[in-house]
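**Q** Read left to right, the sequence shown gives residues 30 to 294 (the numbering used here).
Structure below; questions to follow.
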Amino acid sequence: FGYLEARDMARKLVATYKLCSEQLSSQSHYDYGMRAVISVLRAAGAVKLKFPDEDESVLMLISLKDVNLPKFLAPDIPLFNNILSDLFPGVVLPEPDYDHMRASVMKECAKANLQPTPVFMEKLFQLYEMILVRHGLMLVGYSYGAKTCIYQMLAGALNDLKAQNLLDENKVKIVVINPKSIYMGQLYGQFDPVSHEWQDGVLAKKFRECAVDTSPDRKWVMFDGPVDAIWIENMNTVLDDNKKLCLMSGEIIQMSGTMNMIFEV
Numbered sequence: 030f031g032y033l034e035a036r037d038m039a040r041k042l043v044a045t046y047k048l049c050s051e052q053l054s055s056q057s058h059y060d061y062g063m064r065a066v067i068s069v070l071r072a073a074g075a076v077k078l079k080f081p082d083e084d085e086s087v088l089m090l091i092s093l094k095d096v097n098l099p100k101f102l103a104p105d106i107p108l109f110n111n112i113l114s115d116l117f118p119g120v121v122l123p124e125p126d127y128d129h130m131r132a133s134v135m136k137e138c139a140k141a142n143l144q145p146t147p148v149f150m151e152k153l154f155q156l157y158e159m160i161l162v163r164h165g166l167m168l169v170g171y172s173y174g175a176k177t178c179i180y181q182m183l184a185g186a187l188n189d190l191k192a193q194n195l196l197d198e199n200k201v202k203i204v205v206i207n208p209k210s211i212y213m214g215q216l217y218g219q220f221d222p223v224s225h226e227w228q229d230g231v232l233a234k235k236f237r238e239c240a241v242d243t244s245p246d247r248k249w250v251m252f253d254g255p256v257d258a259i260w261i262e263n264m265n266t267v268l269d270d271n272k273k274l275c276l277m278s279g280e281i282i283q284m285s286g287t288m289n290m291i292f293e294v
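Below, the structure written as C-alpha cells:
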C-alpha cells in the first residue's frame with residue numbers, strides 16, 4: 030500500500046493483538062487472528078490512499094481503532110485505548126471529518142422523528158467504517174436497541190449524500206430477509222422431490238440479483254433474525270475471503286464488490 034515504515038507498523042499491529050488477547054476479556058466475538066489482521070491492512074491501505082502525506086503512525090492508529098473499537102464491550106474500551114497509547118506514544122489522532130454525513134443523518138432523523146443522541150451517532154459512524162472494510166458484519170444488541178434505525182438512517186444519509194454528489198457516495202439498496210421465518214429449502218433453494226427440478230430459494234434469488242447488478246449502488250443483504258448453526262453453515266464461503274455462495278444445485282455465485290452481508294441479531 031506504499032507504507033515506508035511497514036515493518037515497524039507490522040510489529041505494532043502484532044503487538045496490539047497479542048496484548049489484547051492477554052489483557053481484554055474473553056468474548057466469543059473477539060478475534061485476533063489473520064482475519065482481523067487482514068481487515069486492519071485493508072483499512073490501512075484505504076486511509077493511505079485517502080491521506081498519502083499523513084504520518085504513517087497516525088494512519089495505522091486510525092485503522093486499528095476503526096476496525097476494532099466497534100466490537101469491544103464498554104469495559105474493554107479503556108484497556109484497548111491504553112494499549113494503543115503505549116504502542117503509539119505521542120500520536121494524536123485528527124478529528125474525523127463527518128460534517129457532511131452528520132448533516133445528512135440529522136436530516137434523515139428529523140424525517141423519521143428520531144433523536145440523534147451522541148451514542149446513536151457514534152454507533153452509526155462505526156457501522157459505516159465497518160461497512161467500508163468488511164463485506165460481512167453483525168449488528169448485536171438488545172431488542173429496541175436502535176439497530177434497525179441505525180442502518181436505515183445510514184442508508185438514508187448515503188442516499189442524501191449521493192443526491193448532493195458529496196463524499197463520492199452511492200445509493201443503498203437493502204434486501205431484508207428473516208432466515209428463521211422459512212425452511213432451509215425455501216431460503217437457499219431445493220430440488221423438487223418428484224421432478225428433481227431445482228427451485229431457487231429467497232436468498233439465492235436475491236443474492237444473484239445483487240451480484241449481477243453492475244450499478245455502483247451499495248447492496249446490503251440484511252438477515253434480520255436469530256443466527257444458528259442450521260442456516261448459517263452455508264454462509265461460510267460467503268463470509269470468508271472466497272465471497273462465493275455455493276448452492277446445492279452446483280451453482281456458485283460470486284459476491285460483487287458493492288455488496289455487504291449484514292446480520293442483525
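Yeah, the Cβ is synthetic: ideal placement off N, Cα and C, and Gly gets one too.
Since we're looking at a predicted model, the values are computed, not measured.
Looking at the strands, I want to know which residues DSSP matches up with Phe-292.
**A** Met-167, Phe-252
**Q** Can a CB atom of chain D be found closer than 8 Å to the CB of Asn-265?
**A** Although the question refers to chain D, the structure presented lacks it and comprises just one protein chain.
**Q** For the putative contact between Leu-143 and Leu-183, defined by C-beta atoms under 8 Å, what is the C-beta separation to the nearest angstrom?
**A** That belief does not hold up - the Cβ atoms of Leu-143 and Leu-183 are roughly 12 Å apart, past 8 Å.
**Q** Looking only at C-alpha atoms, which of Tyr-59, Ser-50, Ser-86, Val-76 sits nearest to Ala-39?
**A** Ser-86
**Q** Regarding Leu-122 and the ligand NAP, is the C-beta to nearest heavy atom distance less than 7 Å?
**A** Within the structure as shown, the ligand NAP is missing, as the structure has no ligands at all.
**Q** Once you ignore the five residues that flank Ser-278 on each side, which residues in its own chain have a CB closer than 7 Å to its CB?
**A** So the list reads Gly-218, Trp-227, once near-sequence residues are dropped.
**Q** Counting beta carbon pairs with one atom in the region 126-146 and one in the region 104-111, are three or more of them shorter than 8 Å?
**A** no
**Q** Excluding five sequence neighbours on each side, which residues of the same chain lie with their C-beta closer than 6 Å to the C-beta of Gly-170?
**A** Lys-176, listed in sequence order.
**Q** Following the continuous alpha helix (DSSP H) through Gly-214, name the residue where it begins and the one where it ends.
**A** 213-217
**Q** Could you tell me which of Glu-137, Asp-95, Cys-239, Leu-90 sits nearest to Leu-115, measuring between CA atoms?
**A** Inspection of the sequence shows that residue 115 is occupied by Asp rather than by Leu. When each option's Cα is compared against that of Asp-115, the closest is Leu-90.
**Q** What residue range is occupied by the uninterrupted alpha helix (DSSP H) comprising Leu-70?
**A** 63-79
**Q** By Cβ distance, which residues of its chain are closer than 8 Å to Leu-53, with the 5 residues on each side in sequence left out?
**A** Tyr-59, Phe-101, Asp-105, Leu-108, Phe-109
**Q** Do you know offhand how far Asn-207's Cα is from Val-96's?
**A** One alpha carbon belongs to Asn-207, the other to Val-96, and they sit about 27 Å apart.
**Q** Give the C-beta separation of Asp-189 and Lys-136 to the nearest angstrom, bearing in mind that I take them to be a contact with Cβ-Cβ under 8 Å.
**A** 6 Å
**Q** Buried or exposed: where does Ala-73 fall if 16 or more other Cβ atoms within 10 Å of its Cβ makes it buried?
**A** It counts as buried.
**Q** Need the endpoints of the beta strand (DSSP E) that Gln-228 sits in, please.
**A** 227-229
**Q** Grouping DSSP H, G and I as helix and E and B as strand, with all else coil, what is Val-298?
**A** With the chain running from 30 to 294 in the structure shown, residue 298 is simply not present.
**Q** Taking the alpha helix (DSSP H) that Lys-94 falls in, what are its first and last residues?
**A** 85-97
**Q** Determine the burial state of Glu-280: buried for a count of at least 16 other Cβ atoms within 10 Å of its Cβ, exposed for fewer.
**A** exposed
**Q** Within the continuous alpha helix (DSSP H) that includes Gln-52, where are the two ends?
**A** 35-52
**Q** Rounded C-beta distance between Lys-272 and His-164? I'm assuming under 8 Å.
**A** Lys-272 to His-164, Cβ: 6 Å. Contact.
**Q** How big is the Cα-Cα spacing for Leu-216 and Trp-249?
**A** 17 Å
**Q** Pick out whichever of Ile-291, Phe-117, Glu-238 has its Cα sitting closest to the Cα of Gln-181.
**A** Ranking Ile-291, Phe-117, Glu-238 by CA distance to the CA of Gln-181 puts Ile-291 first.
**Q** Can you check which of these residues, Val-267, Phe-149, Asp-37, is closest to Met-284 by C-alpha distance?
**A** Val-267
**Q** Using the Cα positions of Ile-179 and Val-162, report the straight-line distance between them to the nearest angstrom.
**A** 18 Å
**Q** Once you ignore the five residues that flank Cys-276 on each side, which residues in its own chain have a CB closer than 7 Å to its CB?
**A** Note that residue 276 is Leu in the sequence shown here, rather than Cys. Excluding sequence neighbours, Leu-276 sits near Tyr-217, Gly-218, Ala-233.
**Q** May I have the straight-line CA-CA distance separating Pro-245 from Pro-145, to the nearest angstrom?
**A** 29 Å
**Q** Taking just the CA atoms, how far does Glu-238 sit from Ser-224?
**A** 26 Å
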